[in-house]
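Asker:
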Amino acid sequence: MTATADANDPFDHRRFVFEEPPATQSGQKQVRFVNLRPRTSPSKKTASSMMALTNKHPSVARGWLTWRTLRSVILPLLLVMVYTTCSQQINDSRFFVHSLIPRISHLYANSVRLLSSTPVPEQASLSTLVKEHIDSSIQRALQELYTPRDFALSLDGARIATGLTPEHSFKNPADCILHENLHGGRCWALKGTRGQVGIATLSPIHPTNVTIDHAPREVVDDISQAPRRVVVWGVVDGQFNHARYAEYRPLFESAHERGSPLETDGQTLVALSVFEYNIHSSRHVQTFPVFDHVLQSGMTFGVFVFEFESNWGGTGTCIYRVRLHGSVVRFNIANDNM
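Heads up: the sequence shown at position 160 corresponds to 171 in our numbering, and the numbers run straight through without jumps.
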């Protein structure tokens, strides 16, 4: 059996090939050298073949040089461009990674609780039950990432309606709730438990759902500052909407005990949705539907008011982000609302 060279010994003779030059004619004196070539390097014959090939086919040499240029110059430049482009995205993803860790822990705890409390049939497989539970949890998490279009997004043209937004906050401007940002401390902080903010969309919409975003309880200092009871209002504007409001007025007036928010700026508002944000839910991004009679009326709205009536016991209230979902108004109705 052939002995194997020791890779850790650089002086092991088995790691080299002994090569001698060809013998010369007799009678000639010549100094003979022994060439020690590593076994992993190409032989002289292989190197000579490669040189002959490049001499015979110059395009091969040009292609080799082109590849070396691409590999040594262009590829590093591309890597620098990719790094520069993605650096901001990586910074923005840090919070998502931090928020993902407690979700994974919560998922593991639920899986353990599921296995300990669910009776398993004799023929059933534990791995199948765990897989089904993990798949359902991942699906719920992905639903939070892929939500319908947000008409209250600043990048989509939304802005703060100052006439319907009193000075409540002592930290950060109100328009911070119109951005995709859940970093701790970057909230619209209310001085007490109540407040409201007016939002004007780029164009009127048929509202269908509203969403409240809050930082996960695992990464905030005081979850009691999260909003609790929230009322979403819509400003009635345009001949078509006033006619529909007169028809559905009893339903609109019975939807909320006050019939209007604290600040109306002299305008007519109707309650679109009343709900409670739940800090005990596994989802920190929660979506709520508008009333059925709002959908049935077919009314359109271009200005909304989010009124926060209470929180979860904190001395102040932090609003991170609000969203408005719906469908774009048809052209003729949009003109009527102008």
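Note that beta-carbon positions come from the ideal geometry of N, C-alpha and C, so glycine has one too.
(1) According to DSSP, what are the bridge partners of I216?
(2) Only counting the same chain, and skipping five residues up and downstream in sequence, which positions put a Cβ closer than 7 Å to that of G337?
(3) Taking C-beta to C-beta, are F317 and T328 nearer than 8 Å?
(4) Tell me the DSSP secondary structure of T328 in three-state form.
(5) Going by DSSP, name the residue or residues bridged to W323.
(6) Cutting at 6 Å between CB atoms, please list the residues of its own chain near S308, excluding the five before and the five after it.
(7) Alpha carbon to alpha carbon, what distance is there between R197 and D186?
(8) Pop quiz: L283 and V247 are said to be a contact at Cβ under 8 Å. What is the actual Cβ separation, rounded to whole angstroms?
(9) Taking all protein chains shown into account, decide if D303 is buried (16 or more other Cβ within 10 angstroms of its Cβ) or exposed.
(10) Out of curiosity, what's the CA-to-CA distance linking V93 and P87?
(11) Among E287, G270, P159, whose alpha-carbon lies nearest the alpha-carbon of V339?
(12) Fully enclosed by the segment 201-279, which beta strand (DSSP E) runs are 3 residues long or longer?
(13) Go ahead and label Q236 buried or exposed: buried means 16 or more other beta carbons lie within 10 angstroms of its beta carbon, across all protein chains shown.
(14) Does the beta-carbon distance from A169 to I223 come in below 8 Å?
(15) Quick one: what does DSSP say P177 is sitting in, helix, strand or coil?
(16) In this structure, how does DSSP classify S292 when only helix, strand and coil are distinguished?
(17) Find the nearest neighbour of Q207 within the set H225, I85, L213, I188, judged by alpha-carbon distance.
(18) Check L89 in the structure and name its three-state DSSP category.
(19) Based on Cα-Cα distance, which residue from S321, A266, F312, T326 lies nearest to T212?
(20) Measure from the alpha carbon of P300 to the alpha carbon of each residue in S321, R294, R334, then state which is nearest.
(21) Got a sec? Which residues, its chain only, sit under 7 Å from D276 by beta carbon, not counting five neighbours each side?
(22) Quick check on A135: does DSSP put it in helix, strand or coil?
(23) Would a C-beta distance cut-off of 8 Å place N322 and R269 closer than the cut-off?
(24) Could you tell me the alpha carbon to alpha carbon distance between E287 and H295, rounded to whole angstroms?
(25) What's the call for P272, buried or exposed, on a 16-neighbour Cβ count within 10 Å?
(26) For a test of the three-state rule: what should DSSP assign to L283, helix, strand or coil?
(27) R332 and N192: beta carbons closer than 8 Å?
(28) Would you kindly work out how many angstroms separate the C-alpha atoms of I330 and T204, rounded to a whole number?
(29) Drop a sphere of 10 angstroms on the beta-carbon of P261, count the other beta-carbons inside from all chains shown, and report buried for 16 or more, exposed for fewer.
(30) Using the Cα positions of E264 and V281, report the straight-line distance between them to the nearest angstrom.
(31) Could you tell me the distance, in whole angstroms, from the CA atom of A200 to the CA atom of D233?
Answerer: So, to answer that:
(1) F312, V339
(2) F162, I216, H217, P218, T219
(3) no
(4) strand
(5) Beta-bridge pairing links W323 to no other residue.
(6) R255, Y259
(7) 11 Å
(8) Rounded, the Cβ-Cβ distance is 11 Å, inconsistent with contact.
(9) exposed
(10) 10 Å
(11) It is P159 whose Cα lies nearest to the Cα of V339.
(12) As far as the segment 201-279 is concerned, its whole beta strand (DSSP E) runs of at least 3 residues are 206-224, 240-246.
(13) buried
(14) Between A169 and I223, the CB-CB gap reaches or exceeds 8 Å.
(15) coil
(16) coil
(17) I188
(18) DSSP places L89 within a helical segment (H, G or I) once states are collapsed to three.
(19) F312
(20) R334
(21) G174, L175
(22) A caution first: A135 carries a pLDDT of 49, below 50, which makes its placement in the model too unreliable to give a value.
(23) no
(24) E287 and H295: Cα-Cα distance of roughly 13 Å.
(25) Within a 10 Å sphere around the beta-carbon of P272 sit 16 or more other beta-carbons, which makes this residue buried.
(26) strand
(27) yes
(28) Approximately 11 Å between the Cα atoms of the pair.
(29) exposed
(30) 8 Å
(31) C-alpha separation (whole angstroms): 13 Å.
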